[in-house]
Amino acid sequence: MRLALIVEYEGTAYNGFQLQANAPSIQEEIEKAIGHLTGERVRVKGAGRTDAGVHARGQVVAFDTESEHSPETFVKAMNHYLPDDIAVRQGHRVSDDFDPRRHAVSRTYRYSVVRSPTPSPLMRKQACIVSEGLDVPSMREAARMLEGEHDFRRFAGPLEQEGASTIRRIEVASIIEDKEILKFDFVGNAFLPHQVRRMAGALLDVGRGRIKLSDFEKIVDGKCGGVVAHSLPPQGLCLMKVTYPDFPPKVGE
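Residue numbers (this note's numbering): 703 to 955.
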């Protein structure tokens, strides 16, 4: 049978989600936990390859198993074997062709910024700390320019395949103020490498007065010469949710 799990993790101690030969990864820990439970050597597929230091509240992974354990047993037992910074929140049996990456309709990422004149020890692993004053209304105006389909090549890190398309569609780009915390929320079907961190970085530069709104619009359309949006640190980024047409199943299904 094929199982899909919704996984939460703090990515500080890991070199990203994807399995790597000489560095700790989220995927490795999940596969080890499955092995402890079932005795199987399985390979899990994830909905997104989060980078080193990036967190997740709603990562989705899927794998095939010969085990007869229920999804509920997998959740409880895997959380016994997993380290404290990784947890399985839900487990569900899915169809044999379910692919957490290809079948995703959208992904929601959040980048968190703490506005504080002093360091924030409690938030240093979950947010970027900014001491300058910010023009939030201008940042919100810039965020709206990100929505829709654009050539985001000025917001992309190195591409996995040279010459790959940099056209992406952003359904939602919003900024939420929660006391001293600014939450940058982005919803799209797919994102380029480092795109979310670079979009958040460019919005901050608008707020700091370093990028004019007219220039920001040109960057969004890939037309602003050699200007490239700089990337914010990874610890502020979190994969909040991956949305599918029929997963997770509704109560009673």
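Every residue, glycine too, gets a C-beta built ideally from N, C-alpha and C.
Fair warning: this is a prediction, and the values are worked out from it, not measured in the lab.
| Item | Value |
| --- | --- |
| Report the partner residues of Ser822 according to the DSSP bridge assignment. | Ser822 pairs with nothing; no bridge assigned. |
| Whole angstroms is fine: what's the gap from Lys952's alpha carbon to His738's? | 30 Å |
| Could you tell me which whole alpha helix (DSSP H) segments of length 4 or greater appear in the stretch 712-744? | 728-740 |
| Determine whether the Cβ of Ala892 lies closer than 8 Å to any Cβ atom of chain D. | No chain D appears in this structure, which consists of one protein chain only. |
| Ends of the beta strand (DSSP E) at Lys983? | The shown model of the chain, from 703 to 955, leaves out residue 983, and the question about it has no answer. |
| Could you give the C-beta distance for Ser808 and Val898, rounded to a whole number, given that I count them as a contact under 8 Å? | With 8 Å as the limit, Ser808 and Val898 do not qualify as a contact, their Cβ atoms being about 13 Å apart. |
| Determine the burial state of Arg846: buried for a count of at least 16 other Cβ atoms within 10 Å of its Cβ, exposed for fewer. | exposed |
| Let's see if you can read the secondary structure: which residues bound the alpha helix (DSSP H) around Asp917? | 915-922 |
| With a 10 Å radius around its C-beta and 16 neighbouring C-beta atoms as the bar for buried, classify Gln698 as buried or exposed. | Nothing in the structure corresponds to residue 698, since the chain is present only between 703 and 955. |
| Could I get the ranges of all uninterrupted beta strand (DSSP E) runs contained in the stretch 845-882, with 3 residues as the minimum, in chain order? | 850-853, 869-880 |
| Between Glu873, Arg870, Ala902, which lies nearest to Asp884 when the distance is taken from Cα to Cα? | Before going further, note that residue 884 is Leu rather than Asp in the sequence given. Out of Glu873, Arg870, Ala902, Ala902 has the C-alpha closest to the C-alpha of Leu884. |
| Helix, strand or coil for Leu884, going by three-state DSSP, please let me know. | strand |
| Can you tell me the Cβ-Cβ gap for Gly692 and Gln729, rounded? I've got them flagged as a contact below 8 Å. | Residue 692 lies beyond the residue range present for the chain, which begins at 703 and ends at 955; the question has no answer from this structure. |
| Roughly how many angstroms separate the alpha carbons of Leu848 and Ile872, rounded to a whole number? | 7 Å |
| Which of the three DSSP states is assigned to Val807 in this structure? | coil |
| Below 8 Å between beta carbons: does that hold for Pro936 and Asp753? | yes |
| Compute the Euclidean distance between the alpha carbons of Ala892 and Ile913, then round it to the nearest angstrom. | 26 Å |
| In the DSSP assignment, what residue or residues form a beta bridge with Leu707? | Val763, Gly793 |
| Is it buried or exposed for Arg804, if we count other Cβ within 10 angstroms and need 16 for buried? | exposed |
| Here's the rule I'm using: 16 or more other beta-carbon atoms within 10 Å means buried, otherwise exposed. How should Ser833 be labelled? | exposed |
| Output needed for Ala735: all residues of its chain with C-beta closer than 7 Å, excluding positions within five of it in sequence on either side, in chain order. | Met780, Tyr783, Leu784 |
| What are the boundary residues of the beta strand (DSSP E) that Val746 is part of? | Counting along the chain, Val746 falls outside any beta strand (DSSP E), and DSSP gives it neither H nor E. |
| Taking Val898 as part of the alpha helix (DSSP H), name the residues at either end of that continuous run. | 897-910 |
| In its own chain, which residues sit with a C-beta less than 6 Å from the C-beta of Val777, not counting the 5 before and 5 after it? | Val790, Gly793 |
| Quick one: give me the first and last residue of the beta strand (DSSP E) that Val756 is part of. | Per DSSP, Val756 belongs to no beta strand (DSSP E) and is neither H nor E. |
| Just list the residues that DSSP pairs Ser772 with in beta bridges. | Note: Ser772 sits in no beta bridge, so no partner. |
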